[in-house]
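Numbering (my numbering), first residue to last: 26 to 383.
Glycine included, every Cβ here is placed at the ideal spot set by N, Cα and C.
Below: the structure, in structure tokens.
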Ligand SMILES: Nc1ncnc2c1ncn2[C@@H]1O[C@H](COP(=O)(O)OP(=O)(O)OP(=O)(O)O)[C@@H](O)[C@H]1O
Ligand SMILES: [Mg+2]
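Okay, here's the thing in structure tokens:
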């Protein structure tokens, strides 16, 4: 069972749209899918055609434990598109207060425990989070093995997400629970230069944490939500349907890194090495070298700062002691590091920069 939380404290970036439509695509491909609607606004519940006012018991009853610990099965309803749903309701907003006196350790593990008690097998559990990092989102972070962070292709969206990634990192450290985070660019309008530049920045910042799929702005997604259907059932030929189908495929072919792989010790202790590239005109700067199989930005974290007119891309590499060759990939063009005098001849006459880690 893959448990995937869709999370971002920023409102309106496409969390619910992603949960409902990804679930719809996975279910249409024959997978057993459960959507857990953790948002008191109940938009995923509505988006799957279920009236939150009409449900007898919602996730609140499960998480507040008013109907027995193993009860999540009891609140699950089947929806028209073949996706199962643990519905939300406005009462979920009272959970934080209700559990206020409980220690954080158990209060934040409620959803994880409820999912551990699931009686039916699911291949995917998708959790829709509210637009804040409160108790409900913490429950989602603890329950999930993977996170999808939808990112609207706008400048301000990028700023907030750095903070979110820090929070996730801190939480993962505290509970010793590795989660795989992936970024999904959403609401993309490729006709505007601004959106194209922002997408390039997102890719530069997050490298291979970013899905290849980009969800374009598409009015059919809004209409489908109003009809209470995944877009594949409402407008199968639309861009929205095609983008979420592509996301479903990408997710299915890239299973998460297992805990064993994550905890495998490196043969020699690694050090964090920072190298920087400054250029006011570049839109996309990546790094490739023998440390990442020459795949641009694979396994690399990027920080972007501004130094006057110049943008500075700082690449953070985790490297064991040794000697490495690398190049920058600047807007698709391979270049040596202009600030590093040490270089050796590489293929096709371009020089490779050299980095020595002691
Ligand atoms: N790719 C898209 N194209 C067009 N409209 C979209 C797209 N993605 C989302 N929307 C619309 O934008 C609005 C916000 O999207 P959505 O509800 O998925 O965001 P959210 O992150 O879940 O918001 P909240 O934080 O309030 O829960 C909705 O009206 C939705 O239909
Ligand atoms: Mg939402």
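- Counting only residues whose CB is nearer than 5 Å to a non-hydrogen atom of ligand 2, the list in chain order is 40, 41 and 68.
- Look at residue 188 here: in three-state DSSP terms it is helix.
- Taking a contact as a CB-CB distance under 8 Å, the pair residue 309 and residue 228 counts as one, their CB atoms being some 6 Å apart.
- By the criterion of a C-beta distance shorter than 7 Å, residue 296 is surrounded in its chain by 344 and 382, once the five residues flanking it on both sides are discounted.
- At least one heavy atom of ligand 1 lies less than 6 Å from the C-beta of residue 156.
- Burial of residue 83 is indicated by the presence of at least 16 other C-beta atoms within 10 angstroms of its C-beta.
- Residue 340 sits in a strand when the DSSP states are folded into three classes.
- Under the 10 Å beta carbon count, residue 195 is surrounded by fewer than 16 other beta carbons and is classified as exposed.
- When DSSP assignments are scanned along the stretch 157-227, the uninterrupted stretches of beta strand (DSSP E) that are 3 or more residues long and fall wholly within it turn out to be 171-177 and 205-211.
- Contact between the stretch 264-280 and the stretch 107-122 is absent: fewer than 3 CB-CB pairs across the two stretches fall below 8 Å.
- If you compare the alpha carbons of 28, 328 and 379 with that of residue 190, the shortest gap goes to 328.
- Going by DSSP, residue 377 is part of the beta strand (DSSP E) stretching over 376-382.
- Residue 262 is classed as exposed because its beta carbon has fewer than 16 other beta carbons within 10 Å across all chains shown.
- In the displayed model, residue 99 falls within a helix according to three-state DSSP.
- Within the stretch 50-87, complete beta strand (DSSP E) segments of at least 3 residues are found at 58-62, given in chain order.
- Residue environment: residue 32 is assigned as buried (16 or more neighbouring CB atoms within 10 Å of its CB, all protein chains considered).
- Between the alpha carbons of residue 341 and residue 220 lies a gap of roughly 26 Å.
- The closest heavy atom of ligand 1 lies less than 6 Å from the beta carbon of residue 38.
- If one requires a minimum length of 4 residues, the alpha helix (DSSP H) runs lying completely within the stretch 130-154 are 135-141, in chain order.
- Assignment of residue 106 by DSSP, reduced to helix, strand and coil, places it in the coil class.
- The stretch 160-178 makes contact with the stretch 126-133, as at least three CB pairs between them are under 8 Å.
- Residue 122 and residue 80 have their C-alpha atoms spaced approximately 22 Å apart.
- Measuring C-alpha to C-alpha distances from residue 66 to each of 52, 40 and 51 identifies 40 as the nearest.
- For residue 248, the enclosing alpha helix (DSSP H) has its first and last residue at 244-252.
- Per DSSP, reduced to three states, the secondary structure at residue 367 is coil, with no helix or strand assignment.
- A distance below 6 Å between beta-carbons, with the five flanking residues on each side excluded, links residue 302 to the following residues of its chain, in chain order: 310, 338 and 353.
- Listed as beta-bridge partners of residue 358 by DSSP are 355.
- Taking each of 125, 75, 76 and 74 in turn and checking the Cα distance to residue 88, the smallest one comes out for 125.
- The beta carbons of residue 152 and residue 165 sit about 5 Å from each other, so the pair counts as a contact at 8 Å.
- DSSP places residue 275 in the helix class (H, G or I) of the three-state scheme.
- In the three-state reduction of the DSSP assignment, residue 238 falls in the coil class, being assigned neither a helical nor a strand state.
- Shown here, residue 32 sits in coil according to DSSP, grouped into three states, outside any helix or strand.
- When beta bridges are read from the DSSP output, residue 329 appears opposite 338.
- The beta-carbon separation of residue 213 and residue 27, rounded to 25 Å, does not stay under the 8 Å limit for a contact.
- Judged by DSSP secondary structure, residue 297 falls within the beta strand (DSSP E) whose first and last residues are 296-303.
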